[in-house]
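Structure first, commentary second.
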Amino acid sequence: MSRDEMITITVPGSTANLGPGFDSVGMAVNRYLTLTASSGEQWSFQSSSPCLSDLPEGEDNLICKVASQVAEGADRKLPPCRVELASDIPMARGLGSSAAAIVAGIELADELLALNLPAKEKVRIASCYEGHPDNVAASVYGGLVIGTHSDKQTDVLSGIYPEVEIVAVVPDYELKTSSSRSLLPENLPFGEAVKASSVGNVLVAALMQNRWDVAGKMMQQDLFHQPYRSALVPELEKVITLTASMNVYGVALSGAGPIVMVYVPKGSGSFVRRKLASSFRNCDVQHLKPDRKGSQVKKSSIKAIM
39 MSRDEMITIT VPGSTANLGP GFDSVGMAVN RYLTLTASSG EQWSFQSSSP
89 CLSDLPEGED NLICKVASQV AEGADRKLPP CRVELASDIP MARGLGSSAA
139 AIVAGIELAD ELLALNLPAK EKVRIASCYE GHPDNVAASV YGGLVIGTHS
189 DKQTDVLSGI YPEVEIVAVV PDYELKTSSS RSLLPENLPF GEAVKASSVG
239 NVLVAALMQN RWDVAGKMMQ QDLFHQPYRS ALVPELEKVI TLTASMNVYG
289 VALSGAGPIV MVYVPKGSGS FVRRKLASSF RNCDVQHLKP DRKGSQVKKS
339 SIKAIM
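Reminder that position 281 of the sequence shown reads as 319 in our numbering, one-by-one numbering, no gaps.
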């Protein structure tokens with residue numbers, strides 16, 4: 039990148055699991071991490087977004103770590119950049135803030151080094167870093183994704199664009215994924231695992247057919263994680279109770295929580311948001327929609343902007 043060039047990378051946040059789709063189902067949402075990089079003498083990261091105020095400002099920033107790892111894998115060295123960040127993705131709430139940063143790092147290395155990585159390879163790298171493909175694949179592709187990941191390979195189906203709106207109840211506390219995962223059992227009895235898998239299978243089939251009425255039922259029959267995590271997120275049961283008489287499809291934790299997602303028919307999001315906001319004074323209740331584009335990269339001339 040020359041001193042006259044600037045790279046802008048926009049990465050959507052995401053919600054994962056959608057109930058029983060544990061570590062395998064994800065959907066991009068219209069909340070974004072935006073990175074603007076220009077040539078610098080050393081790596082520096084600055085932001086005016088309140089949710090990013092405590093992030094590392096040098097090479098220990100997650101975006102820089104990921105970009106450097108991608109460069110090492112290509113046996114290349116990254117040129118230092120001055121990076122401006124902006125984000126409206128809540129941190130440590132379950133909307134894929136770390137996954138968005140990982141994808142941004144991969145996109146930055148890809149652009150700086152002209153690697154021309156295909157989307158499939160970006161998802162593989164990101165999944166190896168994150169440990170599962172749901173959030174990162176959604177941030178790369180946009181829309182809804184269904185995937186599986188192992189040490190040997192990552193397989194993701196994309197190109198699914200949900201006809202749905204979302205109301206997110208965002209509590210005023212953070213919940214680290216590691217803390218939330220610590221509540222999960224190491225094993226499930228065979229019979230319970232079979233039942234849990236059947237619920238997950240129906241969820242996926244319903245999502246593929248855009249049958250959100252069925253998908254919503256499956257979300258609340260999850261046996262993989264929500265029964266264990268609900269103790270840390272009291273808002274989940276309250277949202278389920280309050281929406282029982284509303285025109286909604288279903289309710290699920292977003293990732294590890296604590297955000298609670300309410301999936302509603304198109305055109306109903308604003309009404310449901312207002313109703314829930316009146317009952318959750320200590321939460322930020324947001325009206326969201328699926329993102330269809332995924333991560334976007336644009337190069338421009340600094341001179342043209344000035």
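Quick reminder that beta carbons are idealized off the backbone N, C-alpha and C, glycines included.
query: Residue range of the unbroken beta strand (DSSP E) whose run includes Arg69; result: Gly59 to Ser77
query: Exposed unless 16 or more other CB atoms sit within 10 angstroms - verdict on Ser196; result: buried
query: Assigned secondary structure, Tyr301 (DSSP; H/G/I helix, E/B strand, else coil); result: strand
query: Leu71 versus Lys233 - alpha carbon distance; result: 38 Å
query: Expected contact under 8 Å - CB spacing of Val178 and Ser62 to nearest Å; result: Wrong, their Cβ atoms sit about 15 Å apart, outside the cutoff.
query: Three-state class that DSSP yields for Glu95 in the structure shown; result: coil
query: Local Cβ density within 10 Å of Ser165, reported as buried at 16 or more and exposed below that; result: buried
query: Cβ neighbours of Val271 in the same chain (closer than 8 Å, five flanking residues each side left out); result: Pro209, Leu213, Leu291, Gly295, Pro296 and Val298
query: Close beta carbons around Val240, own chain, < 7 Å, minus the five adjacent residues each side; result: Val252 and Met256
query: Three or more C-beta pairs below 8 Å linking the region 179 to 196 and the region 154 to 165; result: yes
query: Identity of the residue in Gly307, Pro50 and Gly293 nearest Gly132 by Cα; result: Gly293
query: For Cys119: DSSP bridge partner residues; result: Ser77
query: Reference Ala137; option with closest CA among Thr48, Ser77, Ala109 and Val302; result: Thr48
query: Residues of its chain near Ala54, where Cβ-Cβ distance is below 6 Å and the 5 sequence neighbours each way are ignored; result: Gly64, Asp172, Asn173 and Gly293
query: Bounding residues of the alpha helix (DSSP H) (the contiguous stretch that carries Pro265); result: Gln264 to Arg267
query: DSSP bridge partner residues for Pro328 (one or two, in chain order); result: Val67
query: Where Ser177 sits in the DSSP three-state scheme; result: helix
query: Limits of the beta strand (DSSP E) - the one that Asn55 falls within; result: Glu43 to Asn55
query: Straight-line gap, Glu79 to Thr281 (C-alpha atoms, nearest Å); result: 54 Å
query: Per DSSP, cross-strand counterpart(s) of Thr186; result: Asp193
query: Endpoints, the alpha helix (DSSP H) within which Ala315 is located; result: Gly307 to Ala315
query: Endpoints, the alpha helix (DSSP H) within which Leu241 is located; result: Phe228 to Met246
query: Rounded straight-line distance, which links the Cα of Gly238 to that of Val205; result: 22 Å
query: Beta-carbon proximity list for Lys103, same chain, < 8 Å, skipping 5 on both sides; result: Glu97 and Gly143
query: Rounded distance between the beta-carbons of Leu146 and Ile101, thought under 8 Å; result: 7 Å
query: Span separating the alpha-carbon of Met344 from that of Lys337; result: Because the pLDDT at Met344 is just 44, under 50, the model does not fix this residue reliably, and the point stays unresolved.
query: CB contact below 8 Å: Ser77 versus chain B; result: Reference to chain B is not applicable here, since this structure consists of a single protein chain.
query: Cβ distance (whole Å) where Ala124 is taken to contact Ser76 below 8 Å; result: The pair is not a contact, with the Cβ atoms about 15 Å apart (cut-off 8 Å).
query: Straight-line Cα distance separating Leu274 from Phe318; result: 12 Å
query: Enclosing alpha helix (DSSP H) for Lys276 [first to last residue]; result: Glu273 to Thr281
query: Met246 burial status per 10 Å Cβ neighbour count (16 or more: buried); result: exposed
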